[in-house]
Amino acid sequence: MKYALVTGSSRGIGAAVAKRLAAAGYAILLNYRSNEEAALKVMEEISSNGGTASLLPFDVADEEAVDSAICKWESENPDDYISVLVNNAGVRDDNLMIFMNSGQWHKVINTTLDGFFYASRRVLKGMLTHRYGRIINIASLSGLKGLPGQTNYSAAKGALISATKALAQEVAPRKVTVNAVAPGYIKSDMTKDLDEASLKKQVPLNRFGLPEEVAALVSFLASDEAAYITGETISINGGLYS
Ligand code: NAP
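Numbering (the working numbering), first residue to last: 1 to 242.
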């Protein structure tokens, strides 16, 4: 089996990515932080469609939790390695910076950046040894453009895009590619409190995107056909920003 670890795949974009990669033949390691009920539903849906998935819960921002969960999986699967990692887990906690507290700043930065660092560093060992791997980081339009009310989120996603470029150059000699995807407004729990009717007017395609549309792009970047794309950030935003 080829294994793909998708962080934050109990809901939203991560769940859609997990289902899409399962349909492409990957055995999925479904990561989440606390919502086991939602993760089990994703696992059941993948199984009922003939795919393979198992749960691998951990908080991506907790170094010890990441290391021990992946180390346990490796010791139980000594002949396998994780060849695809999708760093998708993320949170937003918006506020104007003048009112932002340290907790809001660190929670958003740590989930995105520490999560990318801990998970990628851990799975890179197997990818580099096997001379094949795909790392796909879910960034955001906010990390490209910067959005008011999101200095924490823009900083985290902007740094993730820079880290993507740097890591891509480090690991390219071993045929490991590292890319980022930058979604605009996508329908999910993260955007359910937004005024969609008003915000969609800013989008040339006049609608929010779907998690499945992001998943299709991620699946392409994970495929053999994307072997010559690395260090890139691909926007998927309905024409909102380029
Ligand atoms: P979502 O519906 O809120 O789902 C977030 C997922 O991340 C859940 O599975 C959640 O697990 C998991 N998660 C959160 N913190 C975690 C942690 N510390 N450790 C492990 N898992 C954690 O979000 P989404 O809209 O699908 O967003 C997915 C990614 O796309 C995020 O990185 C987000 O920043 C990015 N993005 C989203 C949009 C958008 O419009 N939706 C736009 C641009 C970028 P639990 O279920 O256990 O809480």
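Glycine is no exception: its CB is placed at the ideal position from the N, C-alpha and C atoms.
Cβ-based burial, residue i [other Cβ within 10 Å; buried from 16]
i	result
residue 19	buried
residue 177	buried
residue 104	buried
residue 193	exposed
residue 239	exposed
residue 168	buried
Same chain, Cβ closer than 6 Å to residue i, five either side skipped, listed in chain order
i	result
residue 145	241
residue 174	128 and 131
residue 17	6, 86, 215 and 218
residue 237	141 and 184
residue 157	139, 140, 142 and 143
residue 11	38 and 189
residue 51	22
residue 201	none
Span of the beta strand (DSSP E) around residue i
i	result
residue 233	233-236
residue 135	133-138
residue 3	2-6
residue 129	Per DSSP, residue 129 belongs to no beta strand (DSSP E); it is in the alpha helix (DSSP H), 115-130.
residue 186	Residue 186 -> no beta strand (DSSP E), and no H or E assigned at all.
Nearest-angstrom Cβ-Cβ length linking residue i and residue j, presumed shorter than 8 Å
i	j	result
residue 222	residue 134	5 Å
residue 61	residue 110	4 Å
residue 15	residue 211	7 Å
residue 179	residue 112	Going by Cβ atoms, the distance from residue 179 to residue 112 rounds to 16 Å, so no, they are not a contact pair.
residue 220	residue 227	Not a contact, Cβ separation roughly 11 Å.
residue 49	residue 23	7 Å
residue 186	residue 46	With 8 Å as the limit, residue 186 and residue 46 do not qualify as a contact, their Cβ atoms being about 21 Å apart.
residue 198	residue 88	No, residue 198 and residue 88 are not in contact; Cβ-Cβ is about 27 Å, not under 8 Å.
residue 4	residue 40	Not really, about 18 Å apart at Cβ, beyond 8 Å.
Endpoints, alpha helix (DSSP H) assigned at residue i
i	result
residue 227	Here residue 227 belongs to no alpha helix (DSSP H), and DSSP marks it neither H nor E.
residue 153	151-171
residue 83	Counting along the chain, residue 83 falls outside any alpha helix (DSSP H), though it belongs to the beta strand (DSSP E) covering 82-87.
Close-in-space but distant-in-sequence residues of the same chain around residue i (CB under 8 Å, 5 per side omitted)
i	result
residue 147	141, 153 and 154
Practice item. Inspect the CB distances between the region 95-106 and the region 62-78 and report whether three or more fall short of 8 Å. Key: With the cut-off at 8 Å, the region 95-106 and the region 62-78 do not touch.
**Study point:** contact_flag[the region 115-122, the region 35-42] where n(CB pairs < 8 Å) is 3 or more
**Key:** The region 115-122 vs the region 35-42: no contact.
Check your understanding: Is there contact between the region 197-207 and the region 155-166, where contact requires at least three CB pairs shorter than 8 Å?
Key -> Touching, no, given that fewer than three Cβ pairs across the two stretches are closer than 8 Å.
Point to revise | Stretch pair the region 121-130 + the region 149-157: three plus CB contacts closer than 8 Å | key: As far as the Cβ criterion goes, the region 121-130 does not touch the region 149-157, which means the pair count is below three.
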